[in-house]
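Here's the structure we're looking at; comments come further down.
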Amino acid sequence: MLTIVSCLAFMGFVAWYSWRKTRGHLSSASGYFLAGRGLTGLFIGGSLLLTNISTEQLIGQNGLTYAGNMTALAWEVWAVRGIILLAVIFLPMYLGGAFATMPTFLKSRYGEGTGRLVSCLLMFGYIFIWSPSVLYSGTLALMKALDFEGMTGLSQTQSIWVITWTIGIVGSIYAISGGLRAVVISDTLNGIGLLVIGCLLPIFGLMALGEKLGGGIGTALTEITTTHTEKLNAIGTGSELDAIPISAVFTGLMVMAIFYWSTNQFIIQRALGAASLKEGQKGLLLSGFFKMLIPFMAMFPGLIAFHLFGPNLSPNDMAYPALVEATLPKPLLGLFIAVMLGTVFSTYNSLLNSSATMFAFDLYKPIFDKKADDRKLISVSKIFAIITAVVTLFLAPNLVHAADGVFIFVSKFAGFIAIPIAVLVTLGLFAQQLRVPPAAAIFVILFHILTYFILVWGLAIFGLKITIHFMHVFTILFILEALILVAWAKLRPHSKAYLHLHAPKVPMNAWRFSMLVSAMLLSCAALTYVFFSKLGFAYKDGVVAPSFLTLLAVSLTICFAFCYWSHVWLQPRYQRYIYRKYS
37 MLTIVSCLAF MGFVAWYSWR KTRGHLSSAS GYFLAGRGLT GLFIGGSLLL
87 TNISTEQLIG QNGLTYAGNM TALAWEVWAV RGIILLAVIF LPMYLGGAFA
137 TMPTFLKSRY GEGTGRLVSC LLMFGYIFIW SPSVLYSGTL ALMKALDFEG
187 MTGLSQTQSI WVITWTIGIV GSIYAISGGL RAVVISDTLN GIGLLVIGCL
237 LPIFGLMALG EKLGGGIGTA LTEITTTHTE KLNAIGTGSE LDAIPISAVF
287 TGLMVMAIFY WSTNQFIIQR ALGAASLKEG QKGLLLSGFF KMLIPFMAMF
337 PGLIAFHLFG PNLSPNDMAY PALVEATLPK PLLGLFIAVM LGTVFSTYNS
387 LLNSSATMFA FDLYKPIFDK KADDRKLISV SKIFAIITAV VTLFLAPNLV
437 HAADGVFIFV SKFAGFIAIP IAVLVTLGLF AQQLRVPPAA AIFVILFHIL
487 TYFILVWGLA IFGLKITIHF MHVFTILFIL EALILVAWAK LRPHSKAYLH
537 LHAPKVPMNA WRFSMLVSAM LLSCAALTYV FFSKLGFAYK DGVVAPSFLT
587 LLAVSLTICF AFCYWSHVWL QPRYQRYIYR KYS
């Protein structure tokens with residue numbers, strides 16, 4: 037009973053506070069879709085924290101760590117590169133042109149046909165890939181935490197369908213009734229709860245492991261850092277334990293970071309609602325530090341589960357739910373369930389809201405009703421969001437058949453969408469003198485969809501197997517498609533030159549600590565690999581190697597010098613650049 041009461045109490049508070057803060061802000065399209073362009077850095081950062089921590093990460097990455105090692109860390113810590121690029125380069129371009137959606141920018145750069153095709157591509161991903169995976173992985177966690185099968189007597193399949201539909205319906209009400217402001221406020225409140233519970237679970241897990249070993253938390257930490265130390269290796273061993281090769285940090289992961297953080301509508305929509313460029317940069321870079329906390333929540337529990345339960349959990353994605361069920365005190369279980377639901381709601385809400393935004397602005401208004409006013413656009417977007425929600429509710433339970441696990445499923449299928457969009461946006465922003473015809477942009481998108489399918493899945497149908505990791509396929513296609521666009525523009529340039537119109541609707545002064553904080557984020561990412569290396573915690577003959585302190589001292593010195601140079605030399609030049617170009 038206490039579990040149910042605490043769960044409902046926290047969820048009720050979040051819903052009430054979000055409703056209270058959105059009253060009077062939803063009558064205009066700007067208020068509904070972009071929160072009236074009045075979001076501060078703290079709300080942007082908090083919202084991005086929970087929007088980015090989705091259930092397929094908590095479930096999937098803990099499963100990867102449980103079965104393998106810390107190489108999955110690369111997905112998290114090196115995401116700061118995409119965050120930095122969005123904060124210091126892409127965001128000024130977006131706000132400077134006052135774009136409501138990323139496809140709107142592509143339409144201005146490559147023509148209406150390209151913008152609409154990209155909108156359709158993104159909406160396809162949101163509806164058929166990300167939304168179902170979020171609902172399904174959240175269902176797994178809650179089904180285990182609630183012991184839903186034992187409580188109701190339903191089968192596993194029936195339980196998945198019931199929980200999925202319950203989560204989906206409630207989450208849809210959040211997004212459809214409140215727009216972006218409601219999503220952002222609920223994100224921030226749930227983010228606080230997620231940080232508390234997410235940090236408490238590893239502690240309770242360590243306590244349980246220590247008790248099993250006849251000691252305490254110190255005993256558990258010693259066990260983790262001195263036995264099976266190969267699981268603490270983030271650089272990788274070149275074996276089946278590696279979730280991702282270290283070389284992918286410099287190839288496919290970089291491309292994914294550009295797409296996910298710099299061009300992905302349901303991420304950048306927070307920053308597009310910023311009160312100013314400075315507030316947008318503050319929020320984005322703050323989210324980078326939040327990002328560094330995610331491995332503690334999305335990977336460390338998987339390590340604890342391995343030492344606590346052994347290697348025989350099946351499937352691997354059950355590591356996180358099993359740890360919750362075994363270690364979390366009952367009085368906190370209700371709060372955990374509420375926070376997990378908040379995590380599902382956050383990402384699901386964001387996907388619905390972003391899909392509705394793109395449909396209203398990029399498809400409905402220009403094609404079906406060019407004179408549609410704000411009230412009409414909001415009404416249409418809500419209808420579209422309802423239809424989208426129903427589709428995802430039918431798709432999500434069927435992900436139980438995903439052979440590689442939910443996280444790899446999402447990562448692979450994201451390749452259909454991420455690469456062509458990243459290519460088009462990157463060239464569109466950094467090669468503005470390149471006169472790319474709209475036909476070339478459309479060709480590259482269609483070429484990518486077909487080629488990516490053939491390389492990753494199609495050849496296997498004919499018994500052929502490509503030995504390179506699918507992340508390297510990302511980079512190969514990124515370079516190839518960029519070359520196609522450049523060659524096409526040189527041989528058959530578009531008749532009209534592209535003119536980027538500066539029409540900012542918010543103050544465009546850069547944050548004076550943007551370069552320093554960016555350097556600090558990159559330094560933290562690099563230092564993470566110092567700790568989780570064969571000379572660090574993955575050292576097989578002790579906690580760390582004898583030379584670890586020397587390596588750490590040298591690394592810290594380099595990082596300090598890099599941060600100092602970024603703030604003293606780079607920051608003034610960056611601020612002058614922003615002032616000259618946008619003010």
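Using the working numbering, read the sequence shown as starting at 37 and increasing by one per residue.
C-beta: ideal position from N, C-alpha, C; glycine also.
The structure presented is a predicted model; accordingly, all values stated were derived computationally and were not measured.
ask   = By Cβ distance below 7 Å, which residues in the same chain neighbour L176 in space, the five residues on each side in sequence not counted?
value = As a position in the sequence shown, residue 176 is number 140, starting the count at 1. These residues qualify, in order along the chain: I95, D353 and P357.
message = Assuming contact is defined by CB atoms lying nearer than 9 Å, are V291 and F510 in contact in what I supplied?
response = As a position in the sequence shown, residue 291 is number 255, starting the count at 1. As a position in the sequence shown, residue 510 is number 474, starting the count at 1. Their beta carbons are under 9 Å apart, which means V291 touches F510 by this criterion.
query = Between which two residues does the alpha helix (DSSP H) carrying A432 extend?
reply = Counted from its first residue, the sequence shown places residue 432 at position 396. Unbroken run through A432: none, as it is neither H nor E.
task = Could you tell me the boundaries of the alpha helix (DSSP H) in which S390 lies?
result = The count along the sequence shown starts at 1 and reaches residue 390 at position 354. Residues K366 to M394.
Rounded C-alpha distance that separates L242 from A110 = Position 206 of the sequence shown, counted from the first residue, corresponds to residue 242. Position 74 of the sequence shown, counted from the first residue, corresponds to residue 110. Computed Cα separation, rounded: 24 Å.
ask   = Among R306, F325 and G324, which has the Cα closest to the Cα of G316?
value = For this step, residue 316 is matched to residue 280 along the sequence shown. It is R306 whose Cα lies nearest to the Cα of G316.
message = Report the CB separation of M507 from T287 in whole angstroms; it is logged as a contact under 8 Å.
response = For the purposes of this step, residue 507 is identified with residue 471 of the sequence shown, where counting begins at 1. For the purposes of this step, residue 287 is identified with residue 251 of the sequence shown, where counting begins at 1. About 6 Å; that satisfies the 8 Å criterion.
query = By a C-beta neighbour count over all protein chains shown, 10 Å radius and 16 as the cutoff for buried, is S550 buried or exposed?
reply = The count along the sequence shown starts at 1 and reaches residue 550 at position 514. Buried, by the Cβ-count rule.
query = What are the boundary residues of the alpha helix (DSSP H) that Q607 is part of?
reply = Taking the sequence shown and counting its residues from 1, the one referred to as residue 607 is at position 571. Counting along the chain, the alpha helix (DSSP H) containing Q607 begins and ends at Q607 to Y618.
task = Measure how close the beta-carbons of T503 and I280 come, nearest whole angstrom, since I'm counting them as under 8 Å.
result = Mapped onto the sequence shown, residue 503 falls at position 467. Mapped onto the sequence shown, residue 280 falls at position 244. Actually they are not in contact, since the Cβ atoms of T503 and I280 sit about 15 Å apart, beyond 8 Å.
Identity of the residue in S569, L429 and R616 nearest S167 by Cα = Looking up residue 167 in the sequence shown gives position 131. The residue with the shortest Cα to Cα distance from S167 is L429.
key: Straight-line gap, T564 to M179 (C-alpha atoms, nearest Å)   = In the sequence shown, counting from the first residue as 1, residue 564 sits at position 528. In the sequence shown, counting from the first residue as 1, residue 179 sits at position 143. Cα-Cα distance, rounded: 34 Å.
query = When you compare each of Y384, Y575, K407 and I119 to A293 by their alpha carbons, which one comes out closest?
reply = As a working note, residue 293 is residue 257 in the sequence shown. Checked all of Y384, Y575, K407 and I119; the closest Cα to A293 is I119.
task = Quick one: using the 10 Å Cβ neighbour count with 16 as the cut-off for buried, is G215 buried or exposed?
result = The residue labelled residue 215 in the question sits at position 179 within the sequence shown. Summary for G215: the model assigns pLDDT 48, below 50, so the residue's position carries little reliability, and this model does not support an answer.
inquiry  = Can you tell me whether D278 is buried or exposed? The criterion is at least 16 other CB atoms within 10 Å of its CB, across all chains shown.
reply    = Position 242 of the sequence shown, counted from the start, is the residue given in the question as residue 278. So D278 ends up on the buried side.
query = Under the rule that 16 or more other beta-carbon atoms within 10 Å means buried, what is P128, buried or exposed?
reply = Along the sequence shown, one-based indexing puts residue 128 at 92. So P128 ends up on the buried side.
query = When the Cα atoms are used, what is the spatial distance from Q192 to A45?
reply = Translated into the one-based positions of the sequence shown, residue 192 becomes position 156. Translated into the one-based positions of the sequence shown, residue 45 becomes position 9. Each residue's Cα considered, the two are about 28 Å apart.
ask   = Ordered along the chain, which non-local residues of its own chain (more than five positions away) have a Cβ less than 8 Å from that of I520?
value = Locating residue 520 in the sequence shown gives position 484, where the first residue counts as 1. Result list for I520: A476, F479, V480 and F483, in chain order.
query = Hey, how far is the Cα of L122 from the Cα of T188?
reply = Here the question's residue 122 lines up with position 86 in the sequence shown. Here the question's residue 188 lines up with position 152 in the sequence shown. Rounded to the nearest angstrom, the two C-alpha atoms are 47 Å apart.
task = Mind reading off the beta-carbon distance from I304 to Y130? Whole number of angstroms is fine, and I expect it under 8 Å.
result = Against the sequence shown, residue 304 aligns to sequence position 268. Against the sequence shown, residue 130 aligns to sequence position 94. Going by Cβ atoms, the distance from I304 to Y130 rounds to 7 Å, so yes, they are a contact pair.
task = Throw me the rounded Cβ distance for the D398 and G149 pair, which I believe falls under 8 Å.
result = Numbered from its first residue, the sequence shown carries residue 398 at position 362. Numbered from its first residue, the sequence shown carries residue 149 at position 113. That belief does not hold up - the Cβ atoms of D398 and G149 are roughly 11 Å apart, past 8 Å.
message = Between the alpha carbons of I163 and T424, how many angstroms are there, rounded?
response = Within the sequence shown, residue 163 is the residue found at index 127, counting from 1. Within the sequence shown, residue 424 is the residue found at index 388, counting from 1. Spanning the two alpha carbons is a distance of roughly 6 Å.
message = Nearest by alpha-carbon distance to L571: which of L587, L84 and G499 is it?
response = Position 535 of the sequence shown, counting from 1, holds the residue named residue 571. For L571, the nearest C-alpha among the options comes from L587.
query = In terms of alpha-carbon separation, which member of L320, Q468 and S283 lies closest to S298?
reply = Residue mapping note: residue 298 aligns to position 262 of the sequence shown, counting from 1. With distances taken between Cα atoms, S298 lies closest to L320.
query = Which of helix, strand or coil does DSSP assign to R528?
reply = Translated into positions along the sequence shown, residue 528 becomes position 492. Three-state DSSP puts R528 in coil, outside helix and strand.
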